[in-house]
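Quick notes on the structure that follows.
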Amino acid sequence: MKLNRKIGMALCALVLLAAVFLVGTQSYFNNKEISLASDRCSELGGAPKVERNLLSLSYTFSCE
């Protein structure tokens, strides 16, 4: 019984670690995309407008 509990706890920890890694990776690449798009918009003389939704890790971008 103790072995099953240890395996279950290790599995839960591994799943939690993977989820944190994936969320962090998604956030990092979203920031990179926003930065690149903002820089290009500024180069074209526009004003970047970014709206972020932190709950779903999404964003909308427009160059005005």
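Be aware that the sequence shown starts at 1, since it is given in full-length UniProt numbering, and climbs by one per residue.
Note that CB positions come from ideal geometry on N, CA and C, so glycine has one too.
Whole angstroms is fine: what's the gap from residue i's alpha carbon to residue j's?
i	j	result
L14	S42	42 Å
D39	R52	17 Å
L55	S27	11 Å
A37	G8	44 Å
N31	T25	10 Å
K6	L17	16 Å
F21	L11	15 Å
F29	P48	18 Å
Between the options, which has its C-alpha nearest residue i's C-alpha?
i	options	result
S62	S56, L55, S35	S35
Take residue i and list the residues in its own chain whose beta-carbon comes closer than 8 Å to its own, dropping the five residues that flank it on each side.
i	result
G46	C63, E64
Can you tell me the Cβ-Cβ gap for residue i and residue j, rounded? I've got them flagged as a contact below 8 Å.
i	j	result
L44	V23	Rounded, the Cβ-Cβ distance is 32 Å, inconsistent with contact.
Kindly list the residues whose CB is nearer than 6 Å to the CB of residue i, restricted to its own chain and excluding five residues on each side of it in sequence; keep chain order.
i	result
T60	E51
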